[in-house]
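Presented below is the structure to which this report refers.
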Amino acid sequence: MKVVILAGGFGTRISEESHLRPKPMIEIGEHPILWHIMKIYSWYGFSDFVICLGYKGEMIKEYFAHYLLRTSDVTFDFSVGDQPVIHSHSAEPWKVTLVNTGLSTMTGGRVKRVAPYLEGKPFMLTYGDGVADVDVKTLLEFHRSHGRRATVTAAQPRGKFGALDMEASGKVLSFSEKPRGDGGWVNGGFFVLEPEVLEYIEDDTTVFERAPLERLAQEKQLVAFRHEGFWQPMDVLRDKKYLEELWRNGQAPWKVWK
């Protein structure tokens with residue numbers, strides 16, 4: 602099953618980084634967040650990726666064009682030509698299709714544009730700026746069990762502020778630093794979709810999270826997979842710093858791979 606990753610947005614809310622590179626190429630540790638997302642999927646056996654490019658998409662192409670060299674021992678012998686000799690390497694067995702889906706195309710339009718590469722089969726879809734410790738195999742099993750056209754992973758975001766439990770007098774009974782939000786569930790990405798979902802997308806202007814998902818819900822064709830574990834998008838610089846800290850301290854919950 603192919604994994605489609607949306608990687609074409611402008612990333613305006615994290616412009617401190619995205620003015621230099623596309624948001625999926627912003628690094629957590631020594632690797633782009635896109636790499637982290639792909640590592641999650643490939644750990645569960647899904648290694649065929651279709652990446653939707655847009656803003657500064659050429660940087661993502663260049664990254665993968667040189668990926669094997671980055672992960673290899675290599676010899677350059679310029680006395681006999683300019684072809685490198687690749688020695689041992691640790692590159693993942695990924696198949697990566699990079700598709701130019703337009704600079705200003707909306708999320709639904711990007712998915713529609715990569716339809717020729719999906720071969721009319723079910724596929725997975727996620728955003729190129731969020732990580733989670735989602736068990737992707739269990740997610741797929743859940744999708745197959747209910748027989749509907751679409752599954753969305755429902756997640757509970759981390760709160761932005763510390764929470765106080767207080768008496769009327771002001772006495773603090775408990776304090777929790779940035780607990781989960783108000784208990785509401787949000788779209789966490791990590792979709793599993795039947796090919797019929799593409800019929801719900803009209804053109805480049807279609808926002809996938811609006812008309813297509815709203816209609817699927819109205820037709821009772823959208824089911825939520827509740828993920829109670831770690832989930833974190835990288836919307837703003839504060840999120841990047843949080844993910845960086847977890848990775849640096851060896852406490853990254855999304856690092857499910859060995």
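Mapping of the sequence shown onto the numbering used here: residues 602 to 859, in sequence order. Virtual Cβ for every residue (Gly too), placed ideally from N, Cα, C.
I'd like the list of long-range same chain contacts for residue 722, defined as Cβ closer than 8 angstroms, with 5 residues on each side in sequence excluded.
Only 602, 603, 796 meet the Cβ criterion.
To which residues of the same chain is residue 614 closer than 7 angstroms at the C-beta, ignoring the five residues directly before and after it?
836, 837.
On the criterion of 16 or more Cβ atoms from any shown chain inside 10 Å, does residue 708 qualify as buried, or is it exposed?
It counts as buried.
Quick check: the Cα distance between residue 756 and residue 857, rounded to an integer number of angstroms?
Taking the straight line from one Cα to the other gives about 18 angstroms.
Which whole-angstrom value describes the C-beta separation of residue 652 and residue 621, a residue pair presumed to lie in contact below a C-beta threshold of 8 angstroms?
With 8 angstroms as the limit, residue 652 and residue 621 do not qualify as a contact, their Cβ atoms being about 19 angstroms apart.
Near residue 825, what residues of its chain come up, given a Cβ to Cβ distance below 6 angstroms and the 5 sequence neighbours on each side ignored?
Closer than 6 angstroms at the Cβ level, and outside the excluded window around residue 825, lie 753, 755.
Starting from residue 843, trace the alpha helix (DSSP H) both ways and give me its first and last residue.
Per DSSP, residue 843 belongs to the alpha helix (DSSP H) from 838-849.
Could you check where the alpha helix (DSSP H) with residue 665 kicks off and where it finishes?
Taken as a continuous stretch (DSSP letters only), the alpha helix (DSSP H) holding residue 665 covers 658-666.
Is the distance from the Cβ of residue 731 to the Cβ of residue 785 below 7 angstroms?
No; because the gap between Cβ atoms is not below 7 angstroms, this pair is not in contact.
Given the structure, does residue 833 come close to the ligand NAD, in the sense that its CB is under 6 angstroms from one of the ligand's heavy atoms?
By its list of ligands, the structure shown contains no ligand whatsoever, and the ligand NAD lies outside what it can speak to.
Which residue spans inside the segment 683-726 form an unbroken beta strand (DSSP E) run of at least 3?
Entirely contained in the segment 683-726, the beta strand (DSSP E) runs reaching 3 residues are, in chain order, 686-690, 696-701.
Would residue 611 and residue 656 qualify as a contact pair, given that the criterion is a beta-carbon distance under 7 angstroms?
Against a cut-off of 7 angstroms, the Cβ pair of residue 656 and residue 611 comes out as a contact.
Assuming residue 661 and residue 669 form a contact by the criterion Cβ under 8 angstroms, report the distance between their Cβ atoms to the nearest whole angstrom.
The pair is not a contact, with the Cβ atoms about 15 angstroms apart (cut-off 8 angstroms).
Would you call the segment 810-828 and the segment 733-752 touching, i.e. three or more CB-CB distances under 8 angstroms?
Flag = yes, the segment 810-828 and the segment 733-752 touch.
Just to confirm before moving on: does the CB-CB distance between residue 733 and residue 647 stay below 7 angstroms?
Result no, Cβ atoms of residue 733 and residue 647 do not sit closer than 7 angstroms.
Shortest alpha-carbon distance to residue 650 belongs to which of 829, 855, 638?
Checking every option, the nearest Cα to that of residue 650 belongs to 638.
Tell me whether the beta-carbon of residue 702 lies closer than 7 angstroms to the beta-carbon of residue 686.
No, the Cβ-Cβ distance between residue 702 and residue 686 is not below 7 angstroms.
From the DSSP output, in three-state form, read off residue 753 for me.
If DSSP states are grouped into helix, strand and coil, residue 753 belongs with the strands.
Is it buried or exposed, residue 774, if we count other Cβ atoms within 10 angstroms and call 16 or more buried?
Burial call: exposed.
Under DSSP, the beta strand (DSSP E) around residue 676 begins and ends at which residues?
673-676 is the span of the beta strand (DSSP E), which, as asked, contains residue 676.
Here's the rule I'm using: 16 or more other beta-carbon atoms within 10 Å means buried, otherwise exposed. How should residue 798 be labelled?
Counting Cβ neighbours within 10 Å, residue 798 comes out buried, since at least 16 surround it.
Using a Cβ-Cβ cut-off of 7 angstroms (strictly less than) and excluding sequence neighbours within five positions of residue 848, which residues of its own chain qualify?
Contacts found: 629, 630.
Is it buried or exposed for residue 619, if we count other Cβ within 10 angstroms and need 16 for buried?
That one is buried.
Return the chain-ordered ranges of every alpha helix (DSSP H) run that is complete within the segment 769-820 and spans a minimum of 4 residues.
Fully enclosed alpha helix (DSSP H) runs of 4 or longer: 812-819.
Over the uninterrupted beta strand (DSSP E) stretch that includes residue 832, give me the two end residues.
Residues 832-834.
Taking residue 843 as the reference, give the member of 746, 719, 715, 759 with the closest Cα.
The shortest Cα separation from residue 843 among 746, 719, 715, 759 belongs to 759.
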